[in-house]
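Novice: Below you will find the structure I want to go over with you.
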Amino acid sequence: YLLLITLVTLYGGMLNVMHRFASAAAAPIFLNLSMIMALALAAFFPSAGHAAAWGVLISGFLQVFLLAGDLGRHGGLPRFSPLELSDDIRSFFRALAPATVGSMGTQLAMFADTIIATFLPTGALSALYYADRLNQLPIGVIGIAIGTVLLPEMSRRITGGDHAGAMASQRRAFEFTLLFSMPFVAAFLTVPDVIMRAMFARGAFSAADAAAAGATLSAYAVGLIPFVLIRSAVATFYARKNTATPVKASLTGIGVNLALKVALMGSLAQVGLALATAVGAWVNLLLVIGFAVRAGHFEIDRSLRVSLGKFLIAGVVLAAALWLTAHVASAQFARWSTMRDEAALGLLIVVGALVYAGAILLLFGPRWLRSLVRG
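Using the working numbering, the first residue of the sequence shown is number 65, and each one after it goes up by one.
What follows is the structure, given as structure tokens:
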């Protein structure tokens with residue numbers, strides 16, 4: 065599967081350059097479907113673990129076939145041939161090494177969390193896991209998706225000499241990312257306990273477990289903004305074939321992250337680990353933006369500063385609305401014997417969507433929204 069998913073990543077990158085994103089985005093669907101089917105047939109395997117493993121392997125072939133087919137239809141499917149160390153190949157490998165190191169930051173932080181959490185009281189590792197799963201939702205759906213689309217767009221503009229257009233595209237990506245990420249930040253900071261109880265508090269997952277995971281989710285949410293923005297931020301360097309500069313920021317963020325984990329694990333347990341990850345993410349993002357501004361690759365103009373302020377106001381308004389609604393829902397649904405938290409979460413989603421949409425329309429106006437969508 066590792067070999068297959070490597071090909072999937074390669075083919076996905078080639079399709080992104082061709083401005084074709086649907087196949088790469090849909091590929092993980094095959095992983096989910098394949099694992100579901102394999103587990104449904106688990107009775108025919110030695111164990112459920114064997115069934116899941118075969119499901120993962122089969123999904124690898126399905127994903128390769130999907131992306132290879134899309135590449136073939138558009139004349140981009142590569143032919144396997146002996147490696148020739150041309151200037152382009154050498155340039156690729158020179159850029160690959162720092163890019164690989166830079167992309168290790170998040171994985172190293174998660175690995176460190178897992179190792180350190182084993183020394184903490186029982187339940188810390190589970191709290192980290194459940195909180196991270198929810199925190200990864202906006203990162204994957206919003207941050208990585210927008211960053212993936214932005215990189216080839218910036219590369220095209222920079223290659224054509226349109227540096228101002230590249231910066232404008234990056235600022236627009238920042239605004240688009242913040243527009244859809246701010247509700248997650250507000251919800252994870254104000255009502256994480258309701259979210260955890262509604263989604264996971266059943267069976268062996270107790271209310272105390274939900275509270276621990278909720279506190280961890282709030283700590284992760286402190287760093288959600290840099291988590292979702294970092295892919296768009298580093299695009300300005302990757303589009304210029306500069307993979308070394310982001311590594312400096314990433315390694316500094318990792319250092320701060322690890323130091324804080326050691327300092328906070330004793331007093332805050334797994335919440336301290338998540339908070340350290342959040343602070344490290346902020347250090348990484350701010351350094352990347354600082355390097356870009358200093359190099360003349362990015363400009364925080366008045367329009368972007370105004371937008372950032374408006375998003376902050378909208379987030380505060382939404383957080384206040386969610387906090388008040390949660391207290392009202394707690395009183396209204398207190399007598400329900402079942403589905404209390406699920407009903408409360410549903411109410412929070414409806415109220416939050418209405419309040420946030422109203423705040424965005426009042427602060428930005430419909431013209432701004434139309435211009436953002438049209439690009």
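The beta-carbon is built from N, C-alpha and C at its ideal position, and this holds for glycine as well.
Note that the coordinates shown come from a computational prediction; the quantities given were computed from them, not determined experimentally.
Hey, out of F428, A384, A393, whose CA is closest to G373's CA?
Specialist: Residue nearest to G373 within the set F428, A384, A393 is F428 (criterion: CA-CA distance).
Novice: Could you give the distance in angstroms between the alpha-carbon of G124 and the alpha-carbon of G133?
Specialist: 14 Å
Novice: Which stretch, first to last residue, makes up the alpha helix (DSSP H) that contains P62?
Specialist: Outside the shown range of the chain (65 to 439) lies residue 62, about which nothing can therefore be said.
Novice: Kindly give me the distance between the Cβ atoms of V72 and Q127, rounded to whole angstroms, as I take these residues to be in contact under 8 Å.
Specialist: The pair is a contact, with the Cβ atoms about 5 Å apart (cut-off 8 Å).
Novice: Taking the alpha helix (DSSP H) that N199 belongs to, which residues open and close that run?
Specialist: 188 to 202
Novice: Can you check whether the CB of V255 is closer than 8 Å to the CB of A356?
Specialist: no
Novice: Tell me which same chain residues have a C-beta within less than 7 Å of the C-beta of G224, skipping the five on either side of it?
Specialist: none
Novice: Thinking C-alpha only, which one of L131, G139, N96 is nearest G119?
Specialist: G119 has its Cα closest to that of N96, out of L131, G139, N96.
Novice: Identify, in the order they occur along the chain, each residue of the same chain with its Cβ nearer than 7 Å to the Cβ of L409, setting aside the five sequence neighbours on each side.
Specialist: These residues qualify, in order along the chain: V258, I259, A262.
Novice: Rounding to the nearest angstrom, what Cα-Cα distance links S401 and A251 in this structure?
Specialist: 25 Å
Novice: Would you mind listing the alpha helix (DSSP H) stretches within the segment 245 to 298 that are 4+ residues and don't spill past its ends, in chain order?
Specialist: DSSP runs (the alpha helix (DSSP H)) wholly in the segment 245 to 298: 256 to 264, 271 to 285.
Novice: Could you have a look at K325 and say whether DSSP puts it in helix, strand or coil?
Specialist: helix
Novice: Ignoring anything shorter than 4 residues, give me the alpha helix (DSSP H) runs that lie fully in the segment 73 to 145, in order along the chain.
Specialist: Counting only runs of 4 or more, we get 86 to 104, 112 to 137.
Novice: Quick check: the Cα distance between A117 and L426, rounded to an integer number of angstroms?
Specialist: Across the structure, A117 and L426 are spaced so that their CA atoms are roughly 51 Å apart.
Novice: Tell me the rounded alpha-carbon separation between W387 and A359.
Specialist: 42 Å
Novice: Among the candidates A279, V352, R143, whose CA atom is the shortest distance from the CA of V311?
Specialist: V352
Novice: Between the alpha carbons of F85 and G211, how many angstroms are there, rounded?
Specialist: 12 Å
Novice: Measure the beta-carbon distance from T241 to V292 and round it to whole angstroms, keeping in mind my assumption that it falls under 8 Å.
Specialist: Contact holds; Cβ gap of about 5 Å.
Novice: Quick one: measure Cβ to Cβ for Q334 and A232, integer angstroms, because I've assumed they're closer than 8 Å.
Specialist: Wrong, their Cβ atoms sit about 41 Å apart, outside the cutoff.
Novice: Drop a sphere of 10 angstroms on the beta-carbon of G267, count the other beta-carbons inside from all chains shown, and report buried for 16 or more, exposed for fewer.
Specialist: exposed
Novice: Which stretch, first to last residue, makes up the alpha helix (DSSP H) that contains H391?
Specialist: In this chain, the alpha helix (DSSP H) harbouring H391 covers 366 to 396.
Novice: Alpha carbons only, please: which of I122, S150, M99, T300 is nearest the one belonging to H361?
Specialist: T300
Novice: DSSP state of E363, grouped into three classes?
Specialist: coil
Novice: So, for M218: in the same chain, excluding its five sequence neighbours on each side, which residues have a beta-carbon less than 7 Å away from its beta-carbon?
Specialist: A230, S233, Q234, A299, T300, A303
Novice: Does the Cβ-Cβ distance between A88 and L121 come in under 8 Å?
Specialist: Pairing A88 with L121 gives a Cβ-Cβ distance that is not under 8 Å.
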